Amino acid sequence: MAIILGIITSMIAIVVARYNENYLVKEPSRDWDEERQCRLNRLYNGKEVDCIEQLRVSKNAFKSLCTILHEIGGLAQIRNVSIEESVAIFLNILSHNLKFRVIGFDYYHSKETISRQFNGVLCAMMRISQEYLELQPCTIGGSERDKKIFESCIGALDGTHIPVMASTEDRPKYRNKKGRYFH
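Numbering (the UniProt record's numbering), first residue to last: 1 to 183.
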């Protein structure tokens, strides 16, 4: 008798579970695209101070940067991420020193998408750097006086430190400021 009662109870539980699955009103799933767009609209169309605090640039500078990166840098929009969102992600990471997982949570994207967008904007920035950045020539090291002063200092003139495998008798030449050898 107990076995039959257990079987009937199990069958009723299965029927109730199936009914709940099929006929009860379910909560609508969240629309991540809509939430993401609301966040971005607050940045682009909101207060100037919000844009400056989040991205460290004014709204006009942000829009100009997006245009330059698109037209000159070759930054393209992909299916789920606009150019403005890519640049906002890039600036947000740089300005606040945030990890990809934090930005992914804020912008409702995977870490892979965030990484791809960051690298895409970085490549576009590298492309426009020749046009917008002018490197200053190094003035230290040009004179004989400087060369004599820094003759035995590795990397003192240009900050370059190259790891080397030196023979035992040459090791004193490759000592750093802490007295350790490069190898």
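Ideal placement from N, C-alpha and C gives every residue a C-beta, glycine not left out.
Bear in mind the structure is a predicted one, so any value in this text is a computation, not a measurement.
- Taking Lys59 as reference, the option from Glu84, Ser10, Glu35 with the minimal CA-CA separation is Glu84.
- In this structure Ala13 is exposed. Its beta-carbon is surrounded by fewer than 16 other beta-carbon atoms within 10 angstroms.
- Non-local C-beta neighbours of Ser86 in its own chain, meaning closer than 7 Å and more than five positions away in sequence, comprise Leu75, Gln117, Gly120, Val121, ordered along the chain.
- If only complete runs of 4 or more residues are kept, the UniProt domain "DUF8040" (40 to 126) shows the alpha helix (DSSP H) at 48 to 55, 59 to 71, 83 to 96, 100 to 107, in order along the chain.
- By the beta-carbon neighbour count (other beta carbons within 10 angstroms, threshold 16), Gly6 is exposed.
- From the listed residues Ile89, Glu53, Arg79, Gly46, the smallest Cα separation to Cys66 is found for Ile89.
- Only residues of its own chain outside the window of five on either side were considered, and among them Gln54, Leu55, Leu98, Ile103 have a CB closer than 7 Å to the CB of Asn92, listed in chain order.
- With a 10 Å radius around the Cβ and a threshold of 16 neighbouring Cβ atoms, Ala124 comes out buried.
- Sequence-distant Cβ neighbours of Ser110 in its own chain, meaning closer than 8 Å and more than five residues away, are Gly104.
- Just so you know, the alpha carbons of Gly46 and Ile52 end up roughly 11 Å apart.
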